[in-house]
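Since the structure comes first, as structure tokens, the remarks are kept for the end.
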Amino acid sequence: MARIRPQESTWCDKAPASVLVEDITADSNHSTRTLTLERTRAWHKFLPQPNIPKYIALSKLRLIFTMVSLALLITDIPRTGLGIYDLQEYYPMMLMPGTAVRFGPFDYSVVHIWRLNNDTESDNTSSAFTGLRDSQPISTARAWPYQFDTLSVGLRGAVDLLNVTQFPRYLRYKPQENEPTTNGESLVDLSTAFNMLDALIAAAHAKLRPASNSKLKALRFATKHNWVDRIHHYVVSFASTNPAWRLHSLHVPYTSRDTQSLGICSNSAVAKRSPLRPRFCNHPGILKYTHPLNSSLPTVPVWEHIDLRYELLKRQYPTLELEVILLSSQRLSSTSGVLSSTFYNYEALEITALTRGKRCINDSKSSLNTTLCTTVFIDDYRYERDTVRTNLVEWYGVISMLRGGAQGYVWIRLVLLMYGAYTAAGQLAGVQAGTSSRFKSTMSIVCKIPFEVIVYSSLLPVSGYVIAQFLDSSFMDIFLDSYWAAVGGTIKINLLTFLRSTAVQMRNVWILALLVTLTVFAVRKTRDYWGEGLPAIRGLVISFTSTLTVFGPYKETTLRNTDIINLFLIADEGQNLDIIQSNLVGKYNISCYFFDDSAVMLLFCIGVVIGLASTIKILIASRTKSETRDIILSSTPTIPCGTQRLWLASVSSVQFSVRLRVTGMSERTPQKQGSLLTKVGSFHTVIQPNLKWTDRRNLLGKASYNSTECRSVIQLMNIAMMTDPWNFFWLRALGVQLYLYKTRSGLDNSFDFYAVILPFAKNEIEERTGLSSIDLQLLDSASSRDVPMSVLLQSG
Numbered sequence: 000m001a002r003i004r005p006q007e008s009t010w011c012d013k014a015p016a017s018v019l020v021e022d023i024t025a026d027s028n029h030s031t032r033t034l035t036l037e038r039t040r041a042w043h044k045f046l047p048q049p050n051i052p053k054y055i056a057l058s059k060l061r062l063i064f065t066m067v068s069l070a071l072l073i074t075d076i077p078r079t080g081l082g083i084y085d086l087q088e089y090y091p092m093m094l095m096p097g098t099a100v101r102f103g104p105f106d107y108s109v110v111h112i113w114r115l116n117n118d119t120e121s122d123n124t125s126s127a128f129t130g131l132r133d134s135q136p137i138s139t140a141r142a143w144p145y146q147f148d149t150l151s152v153g154l155r156g157a158v159d160l161l162n163v164t165q166f167p168r169y170l171r172y173k174p175q176e177n178e179p180t181t182n183g184e185s186l187v188d189l190s191t192a193f194n195m196l197d198a199l200i201a202a203a204h205a206k207l208r209p210a211s212n213s214k215l216k217a218l219r220f221a222t223k224h225n226w227v228d229r230i231h232h233y234v235v236s237f238a239s240t241n242p243a244w245r246l247h248s249l250h251v252p253y254t255s256r257d258t259q260s261l262g263i264c265s266n267s268a269v270a271k272r273s274p275l276r277p278r279f280c281n282h283p284g285i286l287k288y289t290h291p292l293n294s295s296l297p298t299v300p301v302w303e304h305i306d307l308r309y310e311l312l313k314r315q316y317p318t319l320e321l322e323v324i325l326l327s328s329q330r331l332s333s334t335s336g337v338l339s340s341t342f343y344n345y346e347a348l349e350i351t352a353l354t355r356g357k358r359c360i361n362d363s364k365s366s367l368n369t370t371l372c373t374t375v376f377i378d379d380y381r382y383e384r385d386t387v388r389t390n391l392v393e394w395y396g397v398i399s400m401l402r403g404g405a406q407g408y409v410w411i412r413l414v415l416l417m418y419g420a421y422t423a424a425g426q427l428a429g430v431q432a433g434t435s436s437r438f439k440s441t442m443s444i445v446c447k448i449p450f451e452v453i454v455y456s457s458l459l460p461v462s463g464y465v466i467a468q469f470l471d472s473s474f475m476d477i478f479l480d481s482y483w484a485a486v487g488g489t490i491k492i493n494l495l496t497f498l499r500s501t502a503v504q505m506r507n508v509w510i511l512a513l514l515v516t517l518t519v520f521a522v523r524k525t526r527d528y529w530g531e532g533l534p535a536i537r538g539l540v541i542s543f544t545s546t547l548t549v550f551g552p553y554k555e556t557t558l559r560n561t562d563i564i565n566l567f568l569i570a571d572e573g574q575n576l577d578i579i580q581s582n583l584v585g586k587y588n589i590s591c592y593f594f595d596d597s598a599v600m601l602l603f604c605i606g607v608v609i610g611l612a613s614t615i616k617i618l619i620a621s622r623t624k625s626e627t628r629d630i631i632l633s634s635t636p637t638i639p640c641g642t643q644r645l646w647l648a649s650v651s652s653v654q655f656s657v658r659l660r661v662t663g664m665s666e667r668t669p670q671k672q673g674s675l676l677t678k679v680g681s682f683h684t685v686i687q688p689n690l691k692w693t694d695r696r697n698l699l700g701k702a703s704y705n706s707t708e709c710r711s712v713i714q715l716m717n718i719a720m721m722t723d724p725w726n727f728f729w730l731r732a733l734g735v736q737l738y739l740y741k742t743r744s745g746l747d748n749s750f751d752f753y754a755v756i757l758p759f760a761k762n763e764i765e766e767r768t769g770l771s772s773i774d775l776q777l778l779d780s781a782s783s784r785d786v787p788m789s790v791l792l793q794s795g
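With numbering that gives the first Met the number 0 applied, the sequence shown corresponds to residues 0 to 795, in that order.
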């Protein structure tokens, strides 16, 4: 065992560079590194012995956050996965590789209303009506399918273009005085629903009714409408709009008493893929629905389903004349990941089939031999389907490597953190190796570290998580958008299921951590010297902000807004995509991650937190009439000297604040009786008079730097930062030269001496620490590879 005997000497301005006399007895086969390790182990004699369990208090609130953060961090990949390996896991109905049905296909009856006294003498205002919805009797209709549902956009657009005055203005977001204000739960009288749909069918037939089945007409138009569907849409709607564009076509198929098929997609009616054909005619393999007459039969295409329902209504009302209008809507959207490397193209197809049955008789009282018709029933039936096409699966290897590597890094970091705490616990008096007391001390040390520092201060895993998030975050927005869709205005959300499905929203915390690092870096660049410590963000601010984003995708039907803000006709010539590219330049539904739902919600939550912090600060300042500290941007008061070399891969962008125990006088530095109330981090405690919070230039060179309290804080910070895997590799594999100095407490006119381990050579001391070279005396030096871990943790 090496024995190091300090040479008796007095402090003088011309002290020798080294005052250690080595007396090492070693075998010839001892390696140089072994000898160095044995020699540097004796550095403990010159250093104050920290005692983290004794001098740093354990906050119960911090313990709770530590446990929660630890559980979320360790289980991130098991909970949320590495990425999208198989699209079918999210969308069972695959169409082809990379393409799937993300929503539907759904078909449902909105309402079927008929007149009770259906003679021709009755008018609509005095008639009584009854109705069905999915074979269930109803006395009122919902406002949802005519004002808030996405299928209502085309319906209201056609109403405006055809000037259907019977359609209530309040259902078009234009309520007049004394008209009701509606939301997604509002109801409409059956008579109102009957009359407005009857008037729409009449107006469409008056303008588009074909003379024969071979001369179809179509009304084609585009709409731009608001899209407020989720909380993150609603909360930002006051500052920015979230518009969506849709293409629509209104068709009136030819019908007569002998009509057996509407022939809307018939090749004999119009040329194949003619613009007069509805868009859904070009999707023979996708839009298939259960046979309406016999569910045991195979599924049928949507146009055949429409024909079968037409046949069913003819059987139900054999004496009536039936008229049909078809309104089809299409929304093409595209979202890309970072640098457009990943893409998500999705298409929504929506169809509304309105049918009315009329009883017509000749007017015997009129000399003009006119025909009087009365509408007996109105049937509203709808179809929905949405597909997505993405190349995200092709990026699974890259994304899984980034996210898996980051998760592996975190797991290693936690193992090394336990190792560092276990090493520090072994140096405590009365703690024996392998005993339960050492394990208890280890856990106590780990729980006293602000866990936000561990989670957010490692740039390598944070960067990996952020890149992976940029690549695939938009997919989760698209998935959640369809997963919690409100079909027919009905949605069932279980809170626990919702939280599990939106767990991936918490991944925004990595983007927030990177933004914090860049922000703190920019703030520090404004000043080279900070008298009250190093600027940093409070860790709980990051956790609180990212938690708020989880609720962004939550859907509430009463928040829905689909008001049309732009409407215009489209010429019949040209395919849909051609029209989009030529006539709707700059209006196509294109977005990228930075302007997607989750990113917008993150920015909003940041704004909310800043606003709350500013409000709280103003209120506190107005009551106390004194200056208050920033709630978000704070400072880390005690920083080890030389962190730019000791903490290579970690950054102290998150505030490292601890609460010191009230223990009375320091064990290392005798002082005059008395104490000073000083704030450390964000807590008050009684500590040594000279232990102020300052940056590294002020702290080094004071007698208080040698106090057990201060050294305990520095050791705790080193445990947190040096056990970062890259830092650990940097210090233990590559190595940094460390120097053991004896310094005089010259900054506070004290004649006390103490030792300190710094990563600076003698000729760098003045530049790096602000102390004169005559204030320090070099005792020994060694590489960080060769010193014991317990000694390394006391560096700085």
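Beta carbons are placed, not taken as given, at the ideal position from N, Cα and C, and that holds for glycine. The structure presented is a predicted model; accordingly, all values stated were derived computationally and were not measured.
Contact under 9 Å by Cβ, residue i with residue j
i: PRO167; j: LEU286; result: no
i: ASN812; j: ILE564; result: Lying outside 0 to 795, the shown extent of the chain, residue 812 is not represented and no answer is given.
i: VAL712; j: ILE756; result: no
i: THR369; j: LYS357; result: no
i: LEU427; j: ILE448; result: no
i: ASN182; j: THR623; result: no
i: SER332; j: PRO277; result: no
Straight-line gap, residue i to residue j (C-alpha atoms, nearest Å)
i: ARG171; j: ASP562; result: 7 Å
i: ILE55; j: ILE718; result: 14 Å
i: LYS13; j: ILE773; result: Any reading at LYS13 must be qualified, since the residue scores a pLDDT of 41, below 50, and its modelled position is unreliable; the value itself is stated next. Each residue's Cα considered, the two are about 8 Å apart.
i: MET788; j: LYS439; result: 20 Å
i: GLY156; j: ALA203; result: 12 Å
i: GLN329; j: GLY153; result: 9 Å
i: ALA423; j: PRO47; result: 13 Å
i: ILE453; j: ARG402; result: 17 Å
i: ASP480; j: PRO552; result: 7 Å
i: ASP85; j: LEU319; result: 52 Å
i: SER27; j: PRO758; result: Interpretation of SER27 is limited by its pLDDT of 42, a score under 50 that renders its predicted location unreliable; no figure is taken from the coordinates.
i: GLY663; j: ILE444; result: Its pLDDT being 48, under 50, GLY663 is placed unreliably in this model, and the value from its coordinates should be taken loosely. Near 21 Å, if we compare the C-alpha coordinates of ILE444 and GLY663.
i: GLN736; j: PHE727; result: 14 Å
i: MET720; j: VAL515; result: 18 Å
i: SER255; j: ASN293; result: 25 Å
i: LEU792; j: THR434; result: 22 Å
i: VAL18; j: LEU777; result: Here the model assigns VAL18 a pLDDT of 40, short of 50, so the residue's position is not dependable, and the following value carries that caveat. Roughly 8 Å separates the two Cα atoms.
i: PHE474; j: LEU601; result: 16 Å
i: HIS231; j: VAL599; result: 8 Å
i: ALA243; j: ARG355; result: 31 Å
Residues that residue i bridges to, as DSSP identifies them
i: TRP244; result: LYS223
i: ALA781; result: LEU737
i: ASN565; result: LYS223
i: ARG229; result: LYS554
i: ARG330; result: ALA347
i: ASP106; result: TYR382
Minimum Cβ-Cβ distance from residue i to chain C less than 9 Å
i: GLU393; result: Of the protein chains in this structure there is only one, and it is not chain C.
Proximity test, residue i beta-carbon vs the ligand FMN heavy atom, cut-off 8 Å
i: THR623; result: Absent from the structure shown: the ligand FMN. Ligands present: none.
Among the options, the one whose alpha carbon lies nearest that of residue i
i: TYR380; options: THR768, LEU196, LYS59; result: LEU196
i: THR298; options: ASP306, TYR288, ILE305; result: TYR288
i: TYR352; options: LEU150, ILE51, GLN259; result: It should be pointed out that residue 352 corresponds to Ala in this sequence rather than to Tyr. The residue with the shortest Cα to Cα distance from ALA352 is LEU150.
i: TYR89; options: ARG784, GLU178, VAL387; result: VAL387
i: ARG101; options: TYR343, LEU325, MET600; result: TYR343
i: ILE605; options: LYS761, LEU427, VAL234, ALA405; result: VAL234
i: GLU303; options: SER332, ARG314, SER265, PRO317; result: SER265
i: ASN162; options: ALA205, SER457, ASN293, GLY641; result: ALA205
i: LEU246; options: SER236, LYS223, ASP257, HIS231; result: LYS223
i: PHE64; options: GLY734, SER783, LEU539; result: LEU539
i: ASN116; options: LEU645, ALA760, PHE376, PHE543; result: PHE376
In chain order, which alpha helix (DSSP H) runs of at least 4 residues are fully inside the segment 113 to 184? 150 to 161
Counting only runs of 3+ residues fully inside the segment 353 to 434, write out the beta strand (DSSP E) ranges in chain order. 370 to 389
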